[in-house]
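I have placed the structure first, in the form of structure tokens, so that the comments after it can refer back to it.
Protein chains: 2
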Amino acid sequence: MKNILLTIEYDGTLFSGWQRQPEKRTVQGELERVLGIVCRCPVQLNGTSRTDAGVHALGQRASFKGDFGIPTDRLMLAANNILAGGMNAVGKAGDLRILSAEEVPEDFHARFDAKGKKYVYKILNCQETQIFRRNQYYQVRKELNADAMRRAAGYITGTHDFKCFQSAGGQEKKTTVRTVYELNIIEGKTEAGQRTLSIEIKGDGFLYNMVRIITGTLVEVGLGKLSPEALPDILKSGQRQKAGHTAPPQGLYLSKVYYDLEDLAGL
Amino acid sequence: MKNILLTIEYDGTLFSGWQRQPEKRTVQGELERVLGIVCRCPVQLNGTSRTDAGVHALGQRASFKGDFGIPTDRLMLAANNILAGGMNAVGKAGDLRILSAEEVPEDFHARFDAKGKKYVYKILNCQETQIFRRNQYYQVRKELNADAMRRAAGYITGTHDFKCFQSAGGQEKKTTVRTVYELNIIEGKTEAGQRTLSIEIKGDGFLYNMVRIITGTLVEVGLGKLSPEALPDILKSGQRQKAGHTAPPQGLYLSKVYYDLEDLAGL
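In order, the protein sequence lines correspond to chains A and B.
For the first sequence, position 245 matches number 245 in full-length UniProt numbering, and the numbering has no gaps at all.
For the second sequence, position 90 matches number 90 in full-length UniProt numbering, and the numbering has no gaps at all.
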């Protein structure tokens with residue numbers, strides 16, 4: 001029995017999220033369909049993260065087991081060939097691809113063995129509506145104060161009870177204590193010169209909508225609606241309504257999954 | 001009877017082109033539907049250019065007539081409100097908007113009165129597949145020689161019979177002679193640092209697929225498959241098969257429509 005671990009990139013715009021659902025186009029559903037063709041057997045994927053509709057991935061991970069003949073490197077090429085849907089395909093075609101496929105020990109599990117994750121949240125900070133970027137950035141029209149956002153981020157980094165940054169509707173978790181190892185705010189520019197802010201956050205685990213609520217809170221700090229120094233009290237309160245809004249899904253990218261604790265903690 | 005001239009921007013990815021078609025989502029169809037709601041009467045738009053599926057516009061023009069009460073400035077706001085489809089809409093919503101609406105003389109026609117147009121064709125020139133840019137650039141993996149492309153562009157600029165750069169399937173035109181006033185190749189970088197080339201072309205009119213075939217020909221020059229000095233003979237031959245391939249639709253943007261000859265010719 002082989003156990004294959006995939007690294008996957010996708011543009012989440014035209015998917016109803018990761019998780020397989022009847023009659024809907026989901027990342028898991030599409031991958032299982034294509035891998036089933038390539039492996040000539042039914043495939044059940046274990047994904048590391050059940051990303052929501054509209055959320056993207058640069059390095060999602062998923063594993064699956066089976067007794068199939070196709071060599072691991074050919075499996076990726078064959079699946080990507082089907083997923084690409086022709087040279088000049090427009091729209092959905094090409095919005096999902098496998099970046100790597102490797103054989104792992106039989107007891108390895110893409111989700112349970114993950115030690116942590118890194119997300120990137122991309123903000124486009126300019127006044128004029130940018131229709132060509134609407135599915136890949138959260139556009140904030142008023143100028144954001146990146147320094148204030150960095151001060152707020154300093155309070156979020158570390159081990160805390162992050163209950164205030166959790167939406168209702170996720171799976172029940174035993175504890176809401178998590179460790180955020182890094183939370184960086186990086187300024188950049190698009191090709192056309194518009195200002196961008198990328199929020200990079202690395203942690204040992206994330207509560208439901210945690211990155212999007214942290215982003216919404218940092219945006220409110222950047223707009224001057226919330227003081228950076230309010231963050232310790234918000235965290236201590238454990239109350240969702242004290243934190244900022246939930247930033248929209250299209251700015252969020254699952255960037256990396258860590259299976260090595262030293263790599264995660266930057267040791 | 002009012003006559004309104006619109007300037008329109010759209011991401012063509014999820015449209016079956018400009019022209020109204022039954023059961024299909026087209027730019028004309030979507031605009032006529034929304035303007036019909038706003039004006040409370042049936043609307044028939046005359047668009048300047050019937051862009052193909054997947055082709056974008058930064059400054060498409062269209063005019064329509066009617067006896068409606070709504071003031072011209074409110075008309076644009078109301079239509080854009082419906083088109084935006086909510087703050088954080090994902091996917092189709094927000095892929096089309098009106099940039100300006102102005103009242104023009106009753107005998108003005110958005111297409112017949114156009115003196116020329118400017119198109120931009122965007123190329124992403126890097127090796128690694130860029131899934132998030134797939135619908136907005138033509139990705140060319142091997143390095144393009146921009147200087148060679150500029151030499152070839154020099155032969156295309158001016159007044160010529162452009163029959164060799166015309167696809168079958170367009171409307172029959174009386175003459176295939178056109179004037180290209182400008183053809184510039186501008187190098188840039190994406191946010192992530194990948195190389196881009198923008199081909200900007202301004203002319204008094206374009207044959208069917210002319211910009212895409214000129215682009216395909218320039219790409220072949222940039223790859224060293226075709227010599228820049230072959231261009232005069234290709235033009236003279238009038239034979240489609242001597243020119244390069246038709247570049248895919250998703251890199252093409254209708255950038256500007258000119259109603260003033262002096263503006264077009266840069267006088």
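Beta carbons: idealized from backbone N, C-alpha and C, even for Gly.
Contact belief for A/Ala57 with A/Ile8 at Cβ below 8 Å, rounded distance in angstroms
6 Å
Count the other CB atoms, across all protein chains shown, that sit within 10 Å of the CB of A/Asn184; report buried if there are 16 or more and exposed otherwise.
Residue burial is scored here from C-beta neighbours: A/Asn184 has fewer than 16 other C-beta atoms within 10 angstroms and is therefore classed as exposed.
Specify the secondary structure class of B/Ile98 as computed by DSSP and reduced to three states.
strand
Evaluate the contact criterion for the segment 113-120 of chain B versus the segment 241-260 of chain B: three or more CB pairs, one atom per stretch, below 8 Å.
yes
Could you check what DSSP says for A/Leu124 in three-state terms: helix, strand or coil?
Three-state result, A/Leu124: strand.
Measure the C-alpha to C-alpha separation of A/Leu45 and A/Ala62 and round it to an integer number of angstroms.
In this structure, the straight-line span from the alpha carbon of A/Leu45 to that of A/Ala62 is close to 6 Å.
Would you say B/Glu23 lies against chain A (beta-carbon separation less than 8 Å)?
no
Does the distance from the CB of B/Gly17 to the CB of B/Arg50 come in under 8 Å?
yes
Per the DSSP calculation, B/Leu197 is bridged to which residue(s)?
B/Ile123 and B/Glu187
Are B/Val180 and B/Gly216 touching if we call contact CB-CB under 8 Å?
no
Anything in the segment 113-140 of chain A with a Cβ closer than 7 Å to a Cβ of chain B? List those residues in chain order, please.
Cβ proximity to chain B below 7 Å picks out Thr129, Ile131, Phe132, Arg134, Asn135 and Gln136 from the segment 113-140 of chain A.
Which residue from A/Asn125, A/Leu99 and A/Arg33 puts its Cα closest to that of A/Lys189?
It is A/Asn125.
Is the number of C-beta pairs between the segment 221-232 of chain A and the segment 137-154 of chain A that are closer than 8 Å three or more?
Yes, since at least three Cβ pairs between the segment 221-232 of chain A and the segment 137-154 of chain A fall closer than 8 Å, the two stretches touch.
Counting only the same chain and skipping the five closest in sequence on each side, list residues whose C-beta sits under 7 Å from that of B/Thr176.
Asp161, Phe162, Lys163, Gln166 and Leu207
Please report the straight-line C-alpha distance between A/Asp260 and A/Ser198, rounded to a whole angstrom.
24 Å
By the 7 Å beta-carbon criterion, what residues does the segment 179-192 of chain B contribute toward chain A?
Under the 7 Å Cβ criterion, the segment 179-192 of chain B contributes Gly188, Lys189, Thr190 and Glu191.
Span of the alpha helix (DSSP H) around B/Ser167
Segment: none, B/Ser167 is in no alpha helix (DSSP H) and carries neither H nor E.
How many Å lie between A/Ala114 and A/Asp263 at the Cα?
If I take the Cα positions, the gap works out to 12 Å.
Do A/Gly12 and A/Gly54 have their CB atoms nearer than 8 Å?
yes
Tell me B/Asn145's beta-bridge partners as DSSP assigns them.
None, per the DSSP bridge assignment.
Please classify B/Met87 as buried or exposed, where buried requires at least 16 neighbouring CB atoms within 10 angstroms.
The predicted model places B/Met87 with a pLDDT of 45, which falls under 50 and marks its position as unreliable; any figure quoted below should be read in that light. Classification of B/Met87: exposed, given that the 10 Å Cβ count is below 16.
Could you confirm whether any beta carbon from chain A is found closer than 8 Å to the beta carbon of B/Glu9?
yes
Could you name the residues of the same chain whose beta carbon sits closer than 6 Å to that of B/Tyr138, not counting the 5 residues immediately before and after it, in chain order?
Ile123, Ala247, Pro248 and Gly251
Excluding the 5 residues preceding and the 5 following A/Leu218 in the sequence, name in chain order all residues of the same chain whose CB lies nearer than 7 Å to its CB.
Met149, Ala152, Ala153 and Ile199
Determine, for B/Thr215, whether the minimum Cβ-Cβ distance to residues of chain D falls below 8 Å.
Among the protein chains in the structure shown, which are A and B, there is no chain D.
Checking contacts by CB at 8 Å: is A/Leu254 closer than that to chain B?
no
How would you call A/Ala243, buried or exposed, if buried means at least 16 neighbouring beta carbons within 10 angstroms?
buried
Backbone secondary structure at B/Val104 - three-state DSSP:
B/Val104 sits in coil when the DSSP states are folded into three classes, being neither helix nor strand.
Best match in A/Lys225, A/Ser100, A/Met210 and A/Leu223 for proximity to A/Gly238 [C-alpha to C-alpha]
Out of A/Lys225, A/Ser100, A/Met210 and A/Leu223, A/Met210 has the C-alpha closest to the C-alpha of A/Gly238.
Does the distance from the CB of A/Arg111 to the CB of A/Thr48 come in under 8 Å?
yes
Taking all protein chains shown into account, do 16 or more other C-beta atoms lie within 10 angstroms of the C-beta of A/Ile37, making it buried, or fewer, making it exposed?
exposed
Just curious, the beta strand (DSSP E) that B/Leu223 is in, first and last residue?
First-last for B/Leu223: undefined, no H or E at that position.
Distance between B/Asp52 and A/Val104 (C-alpha atoms, nearest Å)
47 Å
Residue environment, B/Arg134, which counts as buried when at least 16 other CB atoms sit within 10 Å:
buried
Ordered list of alpha helix (DSSP H) runs contained in the segment 3-44 of chain B, each at least 4 residues
27-39
Taking the C-alpha atoms as reference points, what is the distance between B/Gly29 and B/Ala79?
Whole-angstrom Cα-Cα distance: 13 Å.
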